[in-house]
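Engineer: Residue numbers (this note's numbering): 94 to 471.
Here it is, written out as C-alpha cells:
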C-alpha cells in the first residue's frame with residue numbers, strides 16, 4: 094500500500110525554501126570563482142634589543158597575537174603574514190621602532206601608504222561568504238601613523254598572526270593587537286593586553302595585569318596579583334584568582350567572577366550583571382546602571398559590601414555565622430533577610446535595614462528599583 098504524498102501548500106515556508114534553493118548555486122559559484130585571488134604567506138622574525146627589555150611593547154594591526162613564556166633571554170616574535178599577493182606580503186616588515194611615547198616597540202608594519210582598507214577574515218567560520226553578500230562590518234583605527242579600515246569582506250587581504258615568546262618575568266610590557274584575538278599564557282610581571290576589537294584570553298598570568306578591549310570579551314583563568322578588565326562592549330569572565338585586587342569596568346556586558354580570593358573586588362557595569370561565585374573577599378563594591386548584583390561569599394573575612402544599582406536586584410549570600418549591619422536606600426523594592434535572628438532597623442516607622450550579631454560586615458545598598466536579599470549560602 095502506498096502512502097499518500099504530502100500536500101504542499103503555497104505560503105511563506107515554500108517561498109523561503111525556494112529562495113534558499115535558488116541561493117545555493119550562487120554560493121557555489123562564488124566559492125569556485127576563478128577570479129578570487131589565492132592567499133600567500135610569509136614569515137618574519139624579530140628580536141627585541143637587550144637594552145629595551147625593561148620596558149617595551151609589541152604591536153600588530155590585524156590577526157591573532159599569542160604571548161607565551163619561552164626559553165629565551167629577550168623577546169622573540171614571529172609574524173606569519175597572510176596576503177592575497179606576493180607583492181603585498183613582501184611589503185610587510187617586522188621592526189623595532191620607537192613608539193609615540195619613546196617606548197621601544199616591535200611593530201608589524203603594513204604598506205598603509207598604498208592600502209588604506211585591509212581585509213581580515215577573522216574566525217573563518219563560514220560567515221565571511223554570506224557577509225560579503227549581505228554586507229560586512231569594519232573597524233577604523235590609527236596605526237603606525239596612518240588611518241586605516243579593517244573589514245571582514247572588503248579591502249585587500251592582508252593581516253598577520255604573531256607569536257611572541259618572552260622571558261618568565263616582565264618588568265613592564267604592553268601587547269597591542271588592534272583587530273583580532275589576543276592571548277597570554279604562563280606570564281609574570283607588569284603586563285598590559287590591549288585591543289580595539291577582539292577577545293582577550295589570559296591563563297596562568299600573575300602580577301600587575303591589565304586587559305583593555307574596545308569591543309570584545311575578556312576571559313581569564315588562574316590569575317594572581319592584581320587584575321583589571323576594561324571592555325567597552327563585551328563580557329568579563331574570570332575563573333580562579335588569588336591576589337590583592339580585582340577591578341572590572343564594562344560599558345555593556347556582564348561580569349562573572351568565580352573562585353576569587355581578593356582583598357578588594359570593584360565592579361562597574363553600565364548595562365549588565367555583576368556576579369561573584371565562591372568568593373573569599375574582604376571588600377566588595379559594585380555599581381550597575383541596569384543589572385543585578387549577586388555575591389556568594391561564604392568566607393569569614395568579608396568586612397564591607399557596597400552595591401549601587403539604577404535598576405536591578407542585589408542578592409548577598411553569606412556564611413551561616415555571618416554578622417552584619419545592612420542599610421538600604423531604595424526607590425522601590427523590598428528587603429528580604431533569610432537569617433531568622435536578624436533584627437530590623439526602623440527609622441520613621443520604615444524598615445531601612447537589618448542587623449545581626451556584632452554587625453561586623455557593613456553593608457550599604459542603594460537601588461533605584463530593585464530588591465535586596467541577604468541569606469545564608471548553600
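Where is the CB? At the ideal position from N, CA and C, for every residue including glycine.
1) Name the two residues that bound the continuous beta strand (DSSP E) containing residue 132.
2) Expressed to the nearest angstrom, what Euclidean distance is found between the alpha-carbon atoms of residue 354 and residue 381?
3) Residue 185 and residue 200 look like a contact to me (Cβ under 8 angstroms); what is the Cβ gap, rounded to whole Å?
4) In the DSSP assignment, find the unbroken beta strand (DSSP E) run with residue 42 in it and report its ends.
5) Is residue 444 buried or exposed, if buried means 16 or more other CB atoms sit within 10 Å of its CB?
6) Please say whether residue 254 and residue 157 have beta carbons closer to each other than 8 angstroms?
7) As a quick exercise: from 211, 446 and 308, pick the residue whose alpha carbon is nearest that of residue 419.
8) Compare the beta carbon distance of residue 243 and residue 211 with 8 angstroms and say whether it is the shorter of the two.
9) Whole angstroms are fine: how far does the CA of residue 135 sit from the CA of residue 173?
10) If you follow the beta strand (DSSP E) that residue 373 is in, where does it begin and where does it stop?
11) Closest to residue 402 by CA distance: which of 465, 180 and 305 is it?
12) Quick one: what's got a C-beta closer than 6 angstroms to residue 293's C-beta in the same chain, skipping five residues either side?
13) In chain order, what residues of the same chain lie with their CB nearer than 6 angstroms to the CB of residue 341, ignoring the 5 residues before and after it?
14) Going by the beta-carbon positions, is the gap between residue 398 and residue 377 smaller than 8 angstroms?
15) Mind checking residue 369: buried by the 16 CB within 10 Å criterion, or exposed?
16) Kindly indicate which residue of 241, 150 and 234 has the alpha-carbon position closest to the one of residue 198.
17) Just grab the DSSP bridge partners of residue 207 for me.
18) Run the CB neighbour count on residue 257, radius 10 Å, all protein chains shown included, and call it buried at 16 or more, exposed below.
19) Could you tell me the distance, in whole angstroms, from the CA atom of residue 164 to the CA atom of residue 152?
20) Buried or exposed for residue 246, going by 16 or more other Cβ atoms inside 10 Å?
21) For residue 450, which residues of its own chain have a beta-carbon under 6 angstroms away from its beta-carbon, when the five flanking residues on both sides are left out?
22) What is the DSSP secondary structure of residue 144, reduced to helix, strand or coil?
23) Taking the C-alpha atoms as reference points, what is the distance between residue 452 and residue 339?
Structural biologist: Short version:
1) Per DSSP, residue 132 is not a residue of any beta strand (DSSP E), being assigned neither H nor E.
2) Straight-line Cα distance between these residues: approximately 22 angstroms.
3) Wrong, their Cβ atoms sit about 11 angstroms apart, outside the cutoff.
4) It is not possible to answer for residue 42, since the shown part of the chain is limited to 94 through 471.
5) Label assigned to residue 444: exposed.
6) Yes, these two residues count as a Cβ contact at 8 angstroms.
7) For residue 419, the nearest C-alpha among the options comes from 446.
8) Contact annotation: residue 243 and residue 211 have beta-carbon atoms nearer than 8 angstroms.
9) Between the alpha carbons of residue 173 and residue 135 lies a distance of about 6 angstroms.
10) Boundaries of the beta strand (DSSP E) harbouring residue 373: 373 to 383, taken from the DSSP string.
11) Selection 465, 180 and 305 evaluated against residue 402 yields 465 as nearest (Cα-Cα).
12) Here residue 293 has 275, 286, 304, 306 and 311 as same chain residues with Cβ atoms under 6 angstroms from its own Cβ, once five neighbours each way along the sequence are excluded.
13) Taken in chain order, the residues that qualify are 322, 329, 348 and 360.
14) Result yes, Cβ atoms of residue 398 and residue 377 sit closer than 8 angstroms.
15) Flag for residue 369 reads buried.
16) The shortest C-alpha separation from residue 198 is found at 150.
17) Looking at the DSSP assignment, residue 207 forms no beta bridge with any residue, so it has no partner.
18) Residue 257 counts as buried, since at least 16 other C-beta atoms from the protein chains shown sit within 10 angstroms of its C-beta.
19) If you draw a straight line from the Cα of residue 164 to the Cα of residue 152, it is about 22 angstroms long.
20) Residue burial is scored here from C-beta neighbours: residue 246 has at least 16 other C-beta atoms within 10 angstroms and is therefore classed as buried.
21) 416, listed in sequence order.
22) Residue 144: helix per DSSP, three-state reduction.
23) Their backbone Cα atoms lie some 25 angstroms apart in a straight line.
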